[in-house]
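Protein chains in written order, with numbering that gives the first Met the number 0: chain A, 0 to 532; chain B, 0 to 302. Idealized CB from N, CA, C, for every residue including glycine. Encoded as structure tokens, the structure appears first; notes follow it.
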Amino acid sequence: MSAPAAVTGAPRLLRASLHHEARSFAPWIAIVTALSASSVLVYPWVFPTQADREGLATLVGSNPALGLIFGPAFDLSTADGFNAWRALALGGLFTALGAIFVVTRATRGQEDSGQAELLASGVLGRSSRLLTAVAMGLVMSVVVGVVSFLVAWACGGGVESTALLSATFTATGWMGTGIAAVTSQLGAEARASSSLAVATFGTLFILRGFAYSVEAADWAIWINPLAWMTETKPSVDNSWAPLGLAVALTAVTLAVAFVLQSRRDFGQGAIAPAPGPARGRTRSPFALALRLNRGSLIAWAVGFGVLGTVFGYFTTAITDLLSADEGIAQILAAGATTPEDLFGAFLATIISLVGIISSIACVQMVLRVRKEEMEDRVEPLIATPVSRPRYYAAHVGVALLAAPVFLTIAGLVIASFASGADIGVTFGEALGQALVTVPAVWTVVAVSIAVVGARPRLAIAAWAGVVISFALTLLGPTFGLDDWVLGISPYYHVPHLATSAYSWGGLAVVALVGALLCGVGFRGFRHRDLATS
Amino acid sequence: MPDTAQVIETQGLVKRFGRFTALDGLDLSVARGEVHGFLGPNGAGKSTTIRVLLGLLRANGGTARLLGGDPWSDVVELHQRLAYVPGDVALWPSMSGGEAIDLLGSLRGGLDDARRDELVERFELDPTKRGRQYSKGNRQKVAIVAALASNAELLILDEPTSGLDPLMENVFQEVLGEAKERGTTVLLSSHILSEVETLADRLSIIRAGRIVETGTLAQIRGNARTSVHATLTRTPAAADLAALHDVHLDGARLTATVDADGIGPAMSALAPYGLESLTVAPPSLESLFLRLYEDEGDAAGAR
Chain A
0 MSAPAAVTGA
10 PRLLRASLHH
20 EARSFAPWIA
30 IVTALSASSV
40 LVYPWVFPTQ
50 ADREGLATLV
60 GSNPALGLIF
70 GPAFDLSTAD
80 GFNAWRALAL
90 GGLFTALGAI
100 FVVTRATRGQ
110 EDSGQAELLA
120 SGVLGRSSRL
130 LTAVAMGLVM
140 SVVVGVVSFL
150 VAWACGGGVE
160 STALLSATFT
170 ATGWMGTGIA
180 AVTSQLGAEA
190 RASSSLAVAT
200 FGTLFILRGF
210 AYSVEAADWA
220 IWINPLAWMT
230 ETKPSVDNSW
240 APLGLAVALT
250 AVTLAVAFVL
260 QSRRDFGQGA
270 IAPAPGPARG
280 RTRSPFALAL
290 RLNRGSLIAW
300 AVGFGVLGTV
310 FGYFTTAITD
320 LLSADEGIAQ
330 ILAAGATTPE
340 DLFGAFLATI
350 ISLVGIISSI
360 ACVQMVLRVR
370 KEEMEDRVEP
380 LIATPVSRPR
390 YYAAHVGVAL
400 LAAPVFLTIA
410 GLVIASFASG
420 ADIGVTFGEA
430 LGQALVTVPA
440 VWTVVAVSIA
450 VVGARPRLAI
460 AAWAGVVISF
470 ALTLLGPTFG
480 LDDWVLGISP
490 YYHVPHLATS
500 AYSWGGLAVV
510 ALVGALLCGV
520 GFRGFRHRDL
530 ATS
Chain B
0 MPDTAQVIET
10 QGLVKRFGRF
20 TALDGLDLSV
30 ARGEVHGFLG
40 PNGAGKSTTI
50 RVLLGLLRAN
60 GGTARLLGGD
70 PWSDVVELHQ
80 RLAYVPGDVA
90 LWPSMSGGEA
100 IDLLGSLRGG
110 LDDARRDELV
120 ERFELDPTKR
130 GRQYSKGNRQ
140 KVAIVAALAS
150 NAELLILDEP
160 TSGLDPLMEN
170 VFQEVLGEAK
180 ERGTTVLLSS
190 HILSEVETLA
200 DRLSIIRAGR
210 IVETGTLAQI
220 RGNARTSVHA
230 TLTRTPAAAD
240 LAALHDVHLD
250 GARLTATVDA
260 DGIGPAMSAL
270 APYGLESLTV
280 APPSLESLFL
290 RLYEDEGDAA
300 GAR
């Protein structure tokens, strides 16, 4: 067997890497499979009659904010069509995120931790490590596709539409692999590289939802690689051709990545860091926490400005979208609801989305504490007169302050659009809606504060609040869940300021739960051993 | 806080990680103003002891007093009076070395700026490099400068010179000597004996979570044997070598050890066989170390 010298040793490295990393594939495979299979399972049960199905179509049509996340609903009258609407966008996104993290960890992550140095000094071609990382991303995406297909099919999904849907997961994962392979060559470190890839994907994701929701021109759809996946229209058109585009894009990005990689120095990104100051001005734990999160604070703040613009612009189009929907027109005509309530609920939904996304940013900042701890950077600080609660409070404080900042940024932009959109929502109501969402975000973040403080080994559980609130707020209604279940999500209790009736009681309970979780976290952080390497 | 003569005092300290016992009844005492060498091989429990003393870990049993206070509950008060250098320094990747020094210094209540600049100079440290660009030795220097530029009354140094080149190790020894002259108490952990030999007033040797020997260098050496290497003209008779231990004969070349008070008789025993060359080495701590560990190993095996 003779391989080109540049990739010597890659098969062996791949085998070893798959052996050790395969476990990290599991959550992504499980999430995507559960998402797809559950659609097929719950559909006949939750929507047994034709009337139920039309009701679902009306529900989806009446809240265009849902389309921002799920994309367009082409056909909700069959289980397969429902599955395609509910799982395609998110399933692809999760597969791509998994691939991005796998690729980044196997390239820059290893370089940062020094593992790669050991490997690269062995008999290993120059491109072998990247090839291995890429292969892992591709393999993981294929496994997601195959497993989700088999399970959803076994649950009663149609063969072709289920296979096509699962193929879009794989194809999206492949594009994620390609993008991550490129960003791994650009960022100064692993974190910067994966953030760059996730930001790219997040932007494409939001733009896709936006383009479909405002019924943008064809070109605006076809320039977005994620929209190619939507255009396969599983169960409606079953068009396989757009997958070819995804494969081609993957090939191109991978080619670029290998070229960039051959020109890059080990452990360095494309942009070399400039020398730093000889004297420091960071002189307190809070200043340090702010400094460590500075990059991501700025990036997210810009992101929320953009998100606010997309969502805000959307409010100006809502009247047209709603009046075009027959079901809505009937409901309004029958007096079952008022346009004011409909717009109020719509506004609350998009701002809950902003809240959910900002909770992701804030949880990342809390998890930073764990990362600092694992990398032995907390120990020297705690060895100074800084007490543990003070250290933890600095990081937690930055994370908690970030939430109102992000919501205010997005809220201001959305409010300025909404107040001019003639939908009966004032600037104050829209901005106020953003601000009353803050306590719900805090409570979600408080879950991570409790986990990192008291049970840091289960760091993954820090995401529980985000996942649960996301699932209940966005997916819950399509499961036909009872109100008390939906009420587990703090966003359920956020008053809809622009509607005719709302109450504050729920929000007070939410805030209380958040405060309790913070207490648990601080108590835990003070009394446990710090991680030692 | 009471000003006691013992800066560090632990009794029967126990620390378990799950089923593994890292500290198994550790008794350590360090007097004010002394440089105390804390010696032991990798995994003996040095870093665990230090982390308990710093209040990073909570002991499962025994007592520990540090500067007259409790290391777990009086964290803030105690840490105002000490400085710490970890064995494996991790810096913030995007922060320059200078910034890291100033951060650690200001958290401790301020640095002596003149001494900070002098130390940066003496250690030939470039403070403008980013954390991720430093080599291991240079990361170590950052932590050393931050600790030694403070006016802490206690320095806790956990294998501080790992990764330093020999020239920088000399600088470190000088700087530590100066700190000692200022009256600073130092707990200096190491697995390299020559590093503590020159500076340490007293030593404690740790093995498997217990202190197995403690005392001044002379006291510890007193128990150890001097090694003798000699080339003789004739092969000696075994009966004449009773004053020597561990005798190994390779033709006319002899290696052996003798008790501290047995050098004279040994020389008298060897002289008749015609000494061509002779090296008599004082007991190195290495040999002492080896002997202690062999004994302990035997004892452990016999249990």
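query	result
Neighbourhood of residue 396 of chain A by C-beta distance below 8 angstroms, restricted to the same chain and skipping five residues each side	285, 288
Cβ neighbour criterion (16 or more within 10 Å) applied to residue 533 of chain A	Summary: the structure shown does not reach residue 533 of chain A, with chain A confined to residues 0 through 532, and so no result is reported for it.
With 16 other Cβ atoms within 10 Å as the buried cut-off, status of residue 352 of chain B	There is no way to answer for residue 352 of chain B, as the model of chain B reaches only from 0 to 302.
For residue 14 of chain B, three-class secondary structure by DSSP	strand
Residue 85 of chain A, DSSP secondary structure in three states	helix
Other residues of its chain near residue 103 of chain A: CB distance less than 6 angstroms, five sequence neighbours each side excluded	179, 183, 189, 192, 193
DSSP beta-bridge partners of residue 201 of chain A	In DSSP, residue 201 of chain A forms no bridge with anything.
Enclosing alpha helix (DSSP H) for residue 97 of chain B [first to last residue]	96-106
Cβ neighbour criterion (16 or more within 10 Å) applied to residue 524 of chain A	buried
Given 8 angstroms, three or more beta-carbon pairs between the segment 31-49 of chain A and the segment 74-94 of chain A	yes
Under 8 angstroms between C-beta atoms of residue 210 of chain B and residue 26 of chain B	yes
Contacts of residue 107 of chain A in chain B (Cβ-Cβ under 8 angstroms)	Within chain B, no residue comes near residue 107 of chain A; the closest Cβ sits about 11 angstroms away, beyond 8 angstroms.
Where the alpha helix (DSSP H) containing residue 577 of chain A begins and where it ends	Because chain A here runs from 0 to 532, residue 577 of chain A falls outside it and cannot be looked at.
For residue 157 of chain B, three-class secondary structure by DSSP	strand
Close-in-space but distant-in-sequence residues of the same chain around residue 344 of chain A (CB under 8 angstroms, 5 per side omitted)	62, 495, 498
For residue 174 of chain A and residue 143 of chain A, the rounded distance between their alpha carbons	14 angstroms
Which of helix, strand or coil DSSP assigns to residue 8 of chain B	strand
Where residue 41 of chain B falls, given that 16 or more other Cβ within 10 Å makes a residue buried	exposed
Where the alpha helix (DSSP H) containing residue 203 of chain B begins and where it ends	Residue 203 of chain B -> not in any alpha helix (DSSP H); beta strand (DSSP E) instead, spanning 201-206.
Identity of the residues DSSP links to residue 229 of chain B by a beta bridge	B:253, B:277
Chain B contacts made by the segment 356-384 of chain A, where a contact means CB separation under 9 angstroms	371, 374, 375, 376, 377, 378, 379, 380, 381, 382, 383, 384
Given 8 angstroms, three or more beta-carbon pairs between the segment 475-482 of chain A and the segment 402-420 of chain A	no
Any C-beta of chain A under 8 angstroms from that of residue 13 of chain B	no
DSSP state of residue 212 of chain B mapped onto helix, strand, coil	strand
Residue 185 of chain A vs residue 203 of chain A beta-carbon contact at 8 angstroms	no
Within chain B, the residues that residue 277 of chain A reaches when beta carbons sit closer than 9 angstroms	95, 96, 97, 98, 119, 125, 126, 127
Members of the segment 69-90 of chain B that neighbour chain A once the beta carbon cut-off is set at 7 angstroms	74, 75, 78, 79, 83, 85, 87, 89
Bridge partner(s) assigned by DSSP for residue 83 of chain B	B:155
Within chain A, the residues that residue 193 of chain B reaches when beta carbons sit closer than 8 angstroms	Going along chain A, no residue has its Cβ under 8 angstroms from residue 193 of chain B, so there is no contact; the nearest lies around 27 angstroms.
Residue nearest to residue 130 of chain B in terms of C-alpha spacing, selected from B:123, B:141, B:120	B:141
Any chain B beta carbon closer than 8 angstroms to residue 282 of chain A	yes
Cut-off 7 angstroms between Cβ atoms - residues of its own chain near residue 304 of chain A, not counting five sequence neighbours on either side	408, 412
Chain-order list of residues whose beta-carbon lies under 6 angstroms from that of residue 1 of chain A (same chain, five-residue window excluded)	Residue placement at residue 1 of chain A is flagged as unreliable, the pLDDT there being 48, under the threshold of 50; a coordinate-derived value is accordingly withheld.
Residues near residue 484 of chain A in its chain [Cβ-Cβ closer than 8 angstroms; skip 5 each side]	471, 475
Proximity below 8 angstroms, CB of residue 555 of chain A to CB of residue 9 of chain A	It is not possible to answer for residue 555 of chain A, since the shown part of chain A is limited to 0 through 532.
Residue 265 of chain A (DSSP reduced to helix, strand or coil)	coil
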